[in-house]
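Chains Y and E, in that order, give the protein sequences.
Okay, so the first sequence: first residue is 1 according to the numbering used here, each after it adds one.
Okay, so the second sequence: first residue is 1 according to the numbering used here, each after it adds one.
Just so it is clear, CB atoms sit at the ideal spot from N, CA and C, and this is done for glycine as well.
The structure presented is a predicted model; accordingly, all values stated were derived computationally and were not measured.
What follows is one structure encoded as structure tokens, with my remarks underneath.
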Amino acid sequence: MKGLLAIATALMLVAAGPAEAQASAPRPAVSRPAQPEVVDPALRPTVDRVRIALAAMVRADREILPAEGSSTLRGADEATLQRRSEARAQAIAGLDTLLASGARGRVAIRVLVVDWSSVDLVRRYEVRAAFVAHDAVEALRLTDRLAAAAARDTQLIGWRAIALDSLGRAPDALRARQARYELAPDDPTAWRTLLRAHEAAGSLPQLRASLGRLRLLYPSSRAVREHEIEVLHRLGRGEEAARIAADTLGVAR
Amino acid sequence: MRDRIRLLAFFTPVALAAQGPPVRTAPVAEPVGRIAAVVADGKVHLYPNRVPSDGEAWIIRRDGVRITREPLMGVQGPAEFASVVGPDLELIQRITGTDNSVAAYRRLRAGGTAAGLAQILSPRTAVALGALFVDSAVTMGAQHTYEADLIRRSRPDSVLRRARAVVRVAPTVIPTPGAPTARPVDGVVSLQWTPPRFTGAADDPVVAYTVERADSTGDFTRISLLPVMRLADQASGHRDESVEPGRMYRYRLRAADLLGRLSPAGASVSVRAPGERGPMPPSEVATEVTDGRVRVVWTTTPEPGARGYHVERAVGGDSSFARVSRVIVGADSPEWLDTLVRGREVYTYRIRTVDAAGRAGAPSNPTTTRALDLKPPSAPGAFTATVLPGHKVRLTWRAPPDRDVAGYHVQRAEKGDTAFAKLFGEPRQLLAYLDSGYDGNTLEPGREYAWRVTAVDSSGNVSAFAEQRLRLADDEAPEPARSLLARNNLGRWVEITWTSSPSLDVVRYAVERNAGVGAPVVVGTVASREALQLRDTTAVKGRVTTWSVIAIDSAGNRAVALRDTLTFRDITRPPAPRRVTAVRVGEVTTVRWERIVSADFRGYVVYRAERSDGVRTRLTATPVTALEFIDRGGSATARYVVRAVDASGNESAESPVAVTVERQR
Chain Y
1 MKGLLAIATA
11 LMLVAAGPAE
21 AQASAPRPAV
31 SRPAQPEVVD
41 PALRPTVDRV
51 RIALAAMVRA
61 DREILPAEGS
71 STLRGADEAT
81 LQRRSEARAQ
91 AIAGLDTLLA
101 SGARGRVAIR
111 VLVVDWSSVD
121 LVRRYEVRAA
131 FVAHDAVEAL
141 RLTDRLAAAA
151 ARDTQLIGWR
161 AIALDSLGRA
171 PDALRARQAR
181 YELAPDDPTA
191 WRTLLRAHEA
201 AGSLPQLRAS
211 LGRLRLLYPS
221 SRAVREHEIE
231 VLHRLGRGEE
241 AARIAADTLG
251 VAR
Chain E
1 MRDRIRLLAF
11 FTPVALAAQG
21 PPVRTAPVAE
31 PVGRIAAVVA
41 DGKVHLYPNR
51 VPSDGEAWII
61 RRDGVRITRE
71 PLMGVQGPAE
81 FASVVGPDLE
91 LIQRITGTDN
101 SVAAYRRLRA
111 GGTAAGLAQI
121 LSPRTAVALG
131 ALFVDSAVTM
141 GAQHTYEADL
151 IRRSRPDSVL
161 RRARAVVRVA
171 PTVIPTPGAP
181 TARPVDGVVS
191 LQWTPPRFTG
201 AADDPVVAYT
211 VERADSTGDF
221 TRISLLPVMR
231 LADQASGHRD
241 ESVEPGRMYR
251 YRLRAADLLG
261 RLSPAGASVS
271 VRAPGERGPM
281 PPSEVATEVT
291 DGRVRVVWTT
301 TPEPGARGYH
311 VERAVGGDSS
321 FARVSRVIVG
331 ADSPEWLDTL
341 VRGREVYTYR
351 IRTVDAAGRA
361 GAPSNPTTTR
371 ALDLKPPSAP
381 GAFTATVLPG
391 HKVRLTWRAP
401 PDRDVAGYHV
411 QRAEKGDTAF
421 AKLFGEPRQL
431 LAYLDSGYDG
441 NTLEPGREYA
451 WRVTAVDSSG
461 NVSAFAEQRL
471 RLADDEAPEP
481 ARSLLARNNL
491 GRWVEITWTS
501 SPSLDVVRYA
511 VERNAGVGAP
521 VVVGTVASRE
531 ALQLRDTTAV
541 KGRVTTWSVI
551 AIDSAGNRAV
561 ALRDTLTFRD
571 ITRPPAPRRV
581 TAVRVGEVTT
591 VRWERIVSAD
601 FRGYVVYRAE
611 RSDGVRTRLT
621 ATPVTALEFI
631 DRGGSATARY
641 VVRAVDASGN
651 ESAESPVAVT
661 VERQR
């Protein structure tokens with residue numbers, strides 16, 4: 001069975017076309033399960049489309065990378081970027097389809113992860129599939145494994161917070177949301193989730209203190225000041241909010 | 001901070017200094033620099049070595065012929081900037097960390113690393129900044145000399161800076177860099193490489209590097225999002241934090257020139273990532289300076305198992321960090337207050353995240369600040385002033401308890417001064433000072449002085465003063481008077497004149513007379529403010545007499561006497577003696593005469609002659625005061641005359657001639 005799967009994978013790659021894809025034969029980064037999982041036949045066409053799209057993405061990435069002797073620091077040409085963008089969109093469409101297919105889709109994604117472990121996009125869908133399956137423990141484990149090489153990835157930190165919440169570890173989730181917000185204070189989603197978390201925890205004064213600190217770290221960020229004003233209003237400290245608002249106008253001018 | 005560290009070699013003053021000998025063709029305000037030139041696609045890309053400021057522009061000549069029809073001055077404002085940069089604007093905003101063209105334009109005009117990076121990655125930006133001129137009217141293989149003059153547009157004849165380059169029109173070859181060194185440090189992979197010494201010559205076009213990574217068998221991908229700028233004669237480096245623990249990686253470099261072109265990849269180096277990644281440091285660190293304190297803040301770590309943080313500090317721009325947080329700073333309170341700072345000292349801080357096992361990870365990027373101290377130190381204590389021989393004063397004091405005292409100022413004033421004068425310009429680290437007066441010429445005896453000592457801390461804050469006052473005892477003789485002259489005034493008196501002593505504290509002059517007999521006699525005193533002359537009417541005539549003038553100061557100290565010697569005489573003859581008789585008895589003739597009256601009479605002189613109009617022979621070697629003279633050598637026909645002599649040596653007219661009269665015994 002194991003040999004058949006490998007042959008099938010190789011055939012599909014050839015079908016996907018590019019010699020480059022064969023040259024970069026995916027290497028498993030995660031340990032294979034004892035019993036290899038089988039893709040539901042109904043989902044196979046989708047899985048094949050995802051494989052083709054991923055191969056196209058890898059090929060485009062190769063073109064974007066600097067080639068010997070003719071490379072420059074500037075980005076790739078528009079056509080290559082367009083091809084990559086289209087391939088990525090097709091891969092995402094297929095992965096979304098699998099994600100919506102419940103447990104069968106999760107298995108299919110796991111199979112894809114085995115073969116395309118170097119493609120970050122697929123590994124992230126594995127995490128999302130775990131969330132869809134309400135498997136917070138697995139979602140946290142996968143997230144932490146991805147975060148080992150990308151500790152400051154705000155999406156991963158956000159997922160970690162969600163998983164921790166699901167596991168009832170609210171203080172840890174709050175700290176993760178705080179860290180996520182502080183990495184990208186201009187991200188409105190990060191702010192809203194953090195604000196809600198602090199409100200739920202009754203720790204708005206603590207949030208206000210952290211915003212005062214962030215004003216030093218991001219002195220030209222208008223978002224940080226607006227968030228501080230919002231928190232001050234919620235705390236009923238209108239005068240302070242007005243003062244910072246006036247100051248913010250100066251910054252923005 | 002990282003931006004400030006990664007200075008682009010081409011754009012730094014250090015690099016300019018290494019750009020060959022200056023060419024002196026016309027007087028310029030600054031040294032001659034070098035135009036960086038890159039030949040690509042049969043064109044010469046010329047980068048004069050400075051972005052022109054507002055009101056400035058470059059004029060470029062090729063082989064002495066001007067090739068810039070209009071001065072090269074860049075765009076005139078953000079709107080034009082956005083238009084010229086066009087599709088590169090998003091890239092420029094990413095480099096400058098801004099979100100609009102106005103802010104990006106301002107950042108680039110300020111220069112620095114962001115401006116350098118932007119020029120490399122976007123020739124449109126270099127053109128927009130007035131930092132690039134492309135000469136396309138050249139022939140391959142030719143050699144040209146380019147000169148660029150930075151001028152003020154308002155005064156085109158004023159050359160602010162000149163740059164020069166000799167360019168052979170041949171494709172510029174970007175040398176392939178060597179392999180970097182790679183080692184696991186603090187749970188990540190640290191890469192370092194040392195570029196060759198920057199020459200600025202045409203065969204040294206490298207201004208930046210890119211770092212590429214591959215696992216043990218796969219393809220290389222670029223991992224440095226922005227080029228790593230080449231430093232001026234320093235090692236460059238990159239820290240790869242996105243490694244999977246325990247995995248084997250290969251790294252290699254490419255060099256980039258000013259046009260952003262890359263060299264072939266250099267040799268690769270392999271390294272295994274640390275088995276366990278250390279906790280990642282905070283992404284941002286900032287400081288807030290208040291009086292005597294530095295507040296260090298940083299972003300909350302995203303590490304799941306973080307226990308807290310260590311704060312490390314380096315002082316004075318040094319790169320040797322020491323941990324200053326004694327206990328672990330809690331993971332939920334990412335800030336620390338440094339109260340042990342000295343004003344105006346430069347401090348650099350960095351943060352390490354500590355995990356649950358107590359393991360500290362890699363340090364964050366450092367942030368540097370200068371401490372502020374507005375509180376003056378306490379005044380020095382136990383201030384004393386002690387007079388030493390030689391009219392010097394030793395000042396001693398005790399240091400105040402403040403830790404940041406950088407030195408002391410000593411000030412002095414004399415009585416009547418309205419302000420104190422500093423005795424040295426910069427504060428000195430000393431607790432005693434010997435005041436030897438202005439220029440070491442000792443202090444003035446008899447004067448009252450006041451001294452103040454203040455402590456100065458490292459921020460320049462000055463303490464209150466401690467003060468001491470002292471009058472120096474006047475035990476020093478004044479300078480003698482000058483130009484003494486004793487003059488005989490027609491024998492009536494002696495006129496004594498002199499000029500004043502240079503000493504300012506002389507209050508009077510004593511005039512003494514010494515006629516060689518007995519103690520000197522005080523003739524009189526003259527106050528220093530009066531006319532410096534005295535009339536001596538009691539001098540003895542005819543005697544060698546010395547007059548002395550002695551300056552006397554307010555403390556009664558007497559100067560060395562100034563002397564002048566004179567023999568005081570008058571010119572009035574005494575009256576001639578009368579009734580002179582000469583009586584001869586035997587062989588002895590007795591000459592007698594009547595007394596004369598004269599104030600300065602001294603004696604009589606007797607003369608003998610054989611005839612009344614004959615030659616007079618003086619018989620008395622010295623004047624005699626008796627009224628007779630016994631002559632044992634005279635003949636019976638001898639004649640005698642007598643003269644009176646006064647103290648001044650004046651002889652009177654002859655007395656009537658006395659003819660010898662013989663008498664029997």
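Three-state class that DSSP yields for residue i in the structure shown
{"i": "residue 105(E)", "result": "helix"}
{"i": "residue 190(E)", "result": "strand"}
{"i": "residue 22(Y)", "result": "With a pLDDT of 33 at residue 22(Y), under the threshold of 50, the modelled position of this residue cannot be trusted, and the question is left open."}
{"i": "residue 159(Y)", "result": "helix"}
{"i": "residue 700(E)", "result": "What the structure shows of chain E is the stretch from 1 to 665, and residue 700(E) is not part of that stretch, so it cannot be assessed."}
{"i": "residue 93(E)", "result": "helix"}
{"i": "residue 233(Y)", "result": "helix"}
{"i": "residue 229(E)", "result": "strand"}
{"i": "residue 158(E)", "result": "strand"}
{"i": "residue 126(Y)", "result": "helix"}
{"i": "residue 166(Y)", "result": "helix"}
{"i": "residue 429(E)", "result": "coil"}
{"i": "residue 141(Y)", "result": "helix"}
{"i": "residue 139(E)", "result": "coil"}
{"i": "residue 667(E)", "result": "Outside the displayed range of chain E (1 to 665) lies residue 667(E), so it cannot be described from this structure."}
{"i": "residue 664(E)", "result": "coil"}
{"i": "residue 90(Y)", "result": "helix"}
{"i": "residue 184(Y)", "result": "coil"}
{"i": "residue 69(Y)", "result": "Because the pLDDT at residue 69(Y) is just 39, under 50, the model does not fix this residue reliably, and the point stays unresolved."}
Where residue i meets chain Y, residues with beta-carbon distance less than 7 Å
{"i": "residue 297(E)", "result": "213, 216 and 217"}
{"i": "residue 286(E)", "result": "216 and 217"}
{"i": "residue 283(E)", "result": "152 and 183"}
Cβ of residue i within 8 Å of any chain C Cβ
{"i": "residue 155(Y)", "result": "In the displayed structure, chain C is absent; the protein chains listed are Y and E."}
Residues bridged to residue i (per DSSP)
{"i": "residue 514(E)", "result": "546(E)"}
{"i": "residue 240(E)", "result": "189(E)"}
{"i": "residue 191(Y)", "result": "Partner(s): none; residue 191(Y) has no beta bridge."}
{"i": "residue 43(E)", "result": "40(E)"}
{"i": "residue 215(E)", "result": "249(E)"}
C-beta atoms of residue i and residue j nearer than 8 Å
{"i": "residue 132(E)", "j": "residue 126(E)", "result": "yes"}
{"i": "residue 277(E)", "j": "residue 188(E)", "result": "yes"}
{"i": "residue 257(E)", "j": "residue 296(E)", "result": "no"}
{"i": "residue 651(E)", "j": "residue 643(E)", "result": "yes"}
{"i": "residue 363(E)", "j": "residue 281(E)", "result": "yes"}
Chain E contact residues for residue i, given Cβ-Cβ distances below 7 Å
{"i": "residue 182(Y)", "result": "299 and 300"}
{"i": "residue 178(Y)", "result": "300"}
{"i": "residue 133(Y)", "result": "Here the premise fails: no neighbours, minimum Cβ distance about 22 Å."}
{"i": "residue 148(Y)", "result": "244, 245 and 277"}
{"i": "residue 144(Y)", "result": "304"}
8 Å Cβ cut-off: residues of chain Y touching residue i
{"i": "residue 109(E)", "result": "Within chain Y, no residue comes near residue 109(E); the closest Cβ sits about 16 Å away, beyond 8 Å."}
{"i": "residue 335(E)", "result": "213"}
Residue i CB to nearest heavy atom of the ligand PLP below 7 Å
{"i": "residue 130(E)", "result": "Judged by which ligands are present, the structure shown has none, so any question about the ligand PLP falls away."}
Listed by chain order, chain Y residues near residue i by CB distance under 9 Å
{"i": "residue 331(E)", "result": "175"}
{"i": "residue 280(E)", "result": "151 and 152"}
9 Å Cβ cut-off: residues of chain E touching residue i
{"i": "residue 160(Y)", "result": "302 and 304"}
Would you say the region 432-443 of chain E touches the region 317-329 of chain E, given that touching needs at least three Cβ pairs under 8 Å? no
Is there contact between the region 627-647 of chain E and the region 594-610 of chain E, where contact requires at least three CB pairs shorter than 8 Å? yes
So does the region 412-419 of chain E actually touch the region 372-389 of chain E, counting three or more Cβ pairs closer than 8 Å? no
Evaluate the contact criterion for the region 142-154 of chain E versus the region 50-67 of chain E: three or more CB pairs, one atom per stretch, below 8 Å. yes
Would you call the region 580-597 of chain E and the region 506-517 of chain E touching, i.e. three or more CB-CB distances under 8 Å? no
Specify whether the region 452-468 of chain E and the region 530-546 of chain E touch according to this definition: at least 3 beta carbon pairs, one from each stretch, less than 8 Å apart. no
Does the region 243-263 of chain E come into contact with the region 334-348 of chain E, if we say contact requires no fewer than three beta-carbon pairs (one atom in each stretch) closer than 8 Å? no
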